[in-house]
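Heads up, the thing below is written out as structure tokens.
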Amino acid sequence: MEPMTLRICHLYPTLLSIAGDRGNLMAIAKRAEWRGMRVEATEVGVGQHLDFTQFDLILFHGGQDKEMDVAARDLEGKAASLRDAVEQDVVVLAVCAGYQLLGRYYEPFKGPRLEGVGAIDLYTTGGGTRFMNHIALECDFTADGPHTLVGFENHSGRTYLGAGVRPLGKLIAGSGNNGEDGGEGARYRQVYGTYLHGPVLPKNPWLTDHLTWMGLRHRYSDVEPLAPLPDGAEERAHRAALAMAMRQRGKMTALEATVWSR
Amino acid sequence: MGEPLAGTIQQTTGTVRARRRPTRGGPLARTRLALALSAGKLAGKTGRMLKLGGGTSFPGIVARRIDPTVLRKVVGASTARKIVVCGSNGKTTTCRMLAAIARAADQRVTQNRSGSNLLPGVTAVAVNGASIFGGLDADVLVFEIDEATIRHAVPEIEPDVVIVNNIFRDQLDRYGELYAVAAALENMIRALPAEATVILNGDDPLVAGFAPEAQAKRLYFGIRTEDVGTQVPEHAADTIRCVRCQHDLEYTNAYISHLGAYRCPNCGYARPALDVAVTRARLSPDGVSEIAVETPAGTVAFGLPLPGLHNVYNAAGAIAGALAMGLDLGAVPAGMAGLRPAFGRLEDIQAGDKHIVLCFVKNPISYNTTLRTILQRPGQKHVLSVHSNAETDGEDFAWLWDIDLEELAPQLASLVTAGKKAEELAMRFKYAGVPEETIAVIPDRPQALDAALANVPPGGTLYILSGYTPLHELRRVMQQRGWVAPFWEE
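Those protein sequence lines, which keep their order, are chains A and B.
Going by the numbering used here, the first residue of the first sequence is number -13, and it counts up by one from there.
Going by the numbering used here, the first residue of the second sequence is number 57, and it counts up by one from there.
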């Protein structure tokens, strides 16, 4: 029998890859390899406007303000197809700038407003301060019950969700979407938006597997839940990250007590 | 000191000196300064006596607590030329090169050493170098300054020369985004007076474009030879778009990451004409590389005993600095010949009947550059990988996924991960293709060192790839065992 194949679109791999973002792709690809599945990753950059509904999973990562400007201009030519893909339940993992740009608009602290893709009902305004810390949230959207999601947030944007959009999870530690409402990230159809930057997936294998499964279900009519893998290293890294988030709980940045921030 | 190389530069130094005022103030202010310096010196001595460390920053903390203006007073009263080195990578080595050239030119040099480059470490230069009355017995003061400290330290020092090496993304959680670091450096350059000289890496598109309207004189350094480089920038290159119009840059030669000979096909922004250019770079992986550098004062040819292309950049920056300070460039070959790798920069250590190569790795570029040098050596490698999220190391290790550990994995003979980030490192290596059950996770640093060395046969080599804080911890252990001298005595 042919091995199952997951078709991934890696959006702006050089423009939007501020810190180890490719780790998300590596996590999906390695776990697929361990399960005997195939991954076909297509890099899509500026000026390449194609049909995004042909993919099963889209990775849309973070960048700095200047990179965001470039992406926002280019997205005008991609927006309609991206919206179609979202409505057809293509899985999207959107992180930081990618998360913000998938919404209606991003209004920076200084400078003109950037129009987003409008695939998901949320908007973001820039703040004068940054949230930079370990973060943990509780997510409850998988069949096997609630999970914790751990990572690091580093953003000044404040994101507010529209009526039909649920947060990705409830904060246990960290600032999340806006530092006000206790929510972090967004979930709409198969879109998973988050501020957990860099590689969020390696330390959260349950989410990697969920996205992979949902991606396969977009492609194949009848897909069994994925068989578990031995995740000792992942679980130890997850626990260490959770412990750090709990220790830093209540602080806006991990650096508040250090010498140079006075 | 040799003949100054450029009349304008000599004139500059004169003006700067006239601008400075000697230590003044009433008896109370003088007493306070003396007290601050004495207490700082005592703190350093006590720390060393109690084996708390080299006192690279403690004397600065104590002295500033007593007199917050101690750095400004001591440096301001000195007639020595002051040079500041900043930028993401290569600060420590560039400073060592500058000091070596200056010493070879018979100058008395005082500098902050060992990468102790935050405000307390910088202040320690004044505390350790000055008499208790604030007199500083030096002709040249060399300061290595961390990006986060620039805006506090540079106004206190009022340097004659500033070198900006390069900008790579480095610990995003500490410095904010790449462009925030760039903005801080640009503001610093704008504030320099017309008599000062700023030396910029012309091969770095971000750095070369800094504050074109600034008053300070500008010198560009870089590499201009086909001996090294590639046509296309490597993966993980930081800034490959034009700083003016955001169009993708084109390279005729890319040397390290985004450093190279670039041009924007859209708006014409291009590498500036280089004042100090490397025109020959015959690299040797572990011997002496043959280098020639063209300057307005003539071409200097010398042997460089430090491996890697990054050290060629450091040498070019240091030579530009020596030129701007009016040093005799005839001293360059002798100065460079005596260089040994800085603390933890591919440092060779004899550990009983085994060798250790100690490598300080702090961001994707320094890590990948170091990896490439190690991978050129033959045979399977025993590795100790160690990182911690202590304050100088940063909290966020997302960048571990930007390093090419996939290239190291097939060459591994054994692997131990250690430090507060031991678990995350083990997971990263697992995804690089190292079977989980072969990785020993030992957070404790001394225990990890013992376990990693136990894997190495007699005559074999252990490669330690380490962040800043664990590097110091491991070196302290090696010092107690008599394998290395204390780094403050180097």
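Backbone N, C-alpha and C fix where the C-beta goes; we use that ideal spot for every residue, glycine too.
{"Query": "Following the continuous beta strand (DSSP E) through Tyr548 (chain B), name the residue where it begins and the one where it ends.", "Result": "One cannot answer for residue 548 (chain B) here, as it falls past the ends of chain B, which runs 57 to 546."}
{"Query": "How do the stretch 119 to 132 of chain A and the stretch 155 to 171 of chain A stand: do at least 3 beta-carbon pairs fall below 8 Å, yes or no?", "Result": "yes"}
{"Query": "Could you give the C-beta distance for Leu305 (chain B) and Gly258 (chain B), rounded to a whole number, given that I count them as a contact under 8 Å?", "Result": "That pair is no contact at about 14 Å."}
{"Query": "Under 8 Å, do Val30 (chain A) and His(-4) (chain A) count as touching if we go by C-beta distance?", "Result": "yes"}
{"Query": "Taking the beta strand (DSSP E) that Leu228 (chain A) belongs to, which residues open and close that run?", "Result": "No beta strand (DSSP E) contains Leu228 (chain A), which is instead part of the alpha helix (DSSP H) from 218 to 233."}
{"Query": "Report the three-state DSSP secondary structure of Met(-10) (chain A) (helix, strand or coil).", "Result": "coil"}
{"Query": "Please report whether the beta-carbon of His120 (chain A) lies at a distance below 8 Å from any beta-carbon of chain B.", "Result": "yes"}
{"Query": "Go ahead and label Tyr206 (chain A) buried or exposed: buried means 16 or more other beta carbons lie within 10 angstroms of its beta carbon, across all protein chains shown.", "Result": "exposed"}
{"Query": "Please confirm if the stretch 185 to 193 of chain B is in contact with the stretch 79 to 93 of chain B, defined as three or more CB-CB distances below 8 Å between the two stretches.", "Result": "yes"}
{"Query": "Note down, in chain order, every chain A residue with its Cβ under 8 Å from the Cβ of Leu530 (chain B).", "Result": "Per Cβ cutoff of 8 Å: no residues; Leu530 (chain B) is ~20 Å from chain A at best."}
{"Query": "By Cβ distance, which residues of its chain are closer than 7 Å to Thr194 (chain A), with the 5 residues on each side in sequence left out?", "Result": "Ala13, Ile14, Arg17, Leu187"}
{"Query": "What runs of the alpha helix (DSSP H), each 4 residues or longer, lie entirely inside the stretch 149 to 210 of chain A?", "Result": "191 to 205"}
{"Query": "Pull up the distance between the alpha-carbon of Arg203 (chain A) and that of Pro491 (chain B), whole angstroms please.", "Result": "30 Å"}
{"Query": "For the beta strand (DSSP E) containing Ser142 (chain A), name the first residue and the last one.", "Result": "133 to 147"}
{"Query": "I'd like to know if Met483 (chain B) contacts chain A, where contact means its C-beta is closer than 8 Å to some C-beta of that chain.", "Result": "yes"}
{"Query": "Can you pull out the residues from the stretch 131 to 150 of chain A whose beta carbon lies closer than 7 Å to at least one beta carbon of chain B?", "Result": "Phe138, Asn140"}
{"Query": "Step through the CB atoms of chain B and report whether any lies within less than 8 Å of the CB of His204 (chain A).", "Result": "no"}
{"Query": "Can Gly515 (chain B) and Asp409 (chain B) be called in contact, C-beta distance under 8 Å?", "Result": "yes"}
{"Query": "Between Ala374 (chain B) and the rest of its own chain, which residues show a CB-CB distance below 7 Å, the 5 nearest in sequence each way excluded?", "Result": "Thr150, Met153, Leu154, Ile157"}
{"Query": "What did DSSP end up calling Gly100 (chain B) once you bin it into helix, strand or coil?", "Result": "helix"}
{"Query": "Would you kindly check if the distance between the Cβ of Val126 (chain B) and the Cβ of Thr166 (chain B) is under 8 Å?", "Result": "no"}
{"Query": "Can you round the beta-carbon distance between Leu251 (chain A) and Gly171 (chain A) to whole angstroms, since I take them to be within the 8 Å contact cut?", "Result": "Nothing can be reported for residue 251 (chain A): it is not among the residues displayed for chain A, which extend from -13 to 248."}
{"Query": "Within the continuous alpha helix (DSSP H) that includes His268 (chain A), where are the two ends?", "Result": "Because chain A here runs from -13 to 248, residue 268 (chain A) falls outside it and cannot be looked at."}
{"Query": "Residues of chain B with CB closer than 7 Å to the CB of His183 (chain A), please, in chain order.", "Result": "Ala454"}
{"Query": "Which ranges would you report for the alpha helix (DSSP H) in the stretch 71 to 131 of chain A if only whole runs of at least 4 residues count?", "Result": "83 to 88"}
{"Query": "Sort out for me which residues DSSP pairs His411 (chain B) with in a bridge.", "Result": "B:Gln406, B:Thr517"}
{"Query": "Could you check what DSSP says for Gly359 (chain B) in three-state terms: helix, strand or coil?", "Result": "strand"}
{"Query": "Based on DSSP bridge pairs, tell me the residues matched to Gly278 (chain B).", "Result": "B:Ala333"}
{"Query": "Rounded to whole angstroms, what is the Cα-Cα separation between Ile106 (chain A) and Pro185 (chain A)?", "Result": "22 Å"}
{"Query": "What are the boundary residues of the alpha helix (DSSP H) that includes Thr525 (chain B)?", "Result": "524 to 536"}
{"Query": "By how many angstroms is the C-alpha of Ala133 (chain B) removed from the C-alpha of Arg73 (chain B)?", "Result": "Caution is warranted here: a pLDDT of 39 is assigned to Arg73 (chain B), below 50, making its placement in the model unreliable, and the coordinate value is therefore given only provisionally. Taking the straight line joining both Cα atoms gives about 9 Å."}
{"Query": "Figure out for me which residue from A:Tyr(-2), A:Glu139, A:Leu212 has the closest Cα to the Cα of Trp20 (chain A).", "Result": "A:Leu212"}
{"Query": "Locate the beta strand (DSSP E) running through Phe46 (chain A), then write down its first and last residues.", "Result": "43 to 46"}
{"Query": "Can you give me the C-alpha to C-alpha distance between Ala58 (chain A) and Gly102 (chain A), rounded to a whole angstrom?", "Result": "7 Å"}
{"Query": "Between A:Ala65, A:Thr239, A:Val81, which lies nearest to Asp7 (chain A) when the distance is taken from Cα to Cα?", "Result": "A:Val81"}
{"Query": "Expressed to the nearest angstrom, what Euclidean distance is found between the alpha-carbon atoms of Met244 (chain B) and Leu275 (chain B)?", "Result": "16 Å"}
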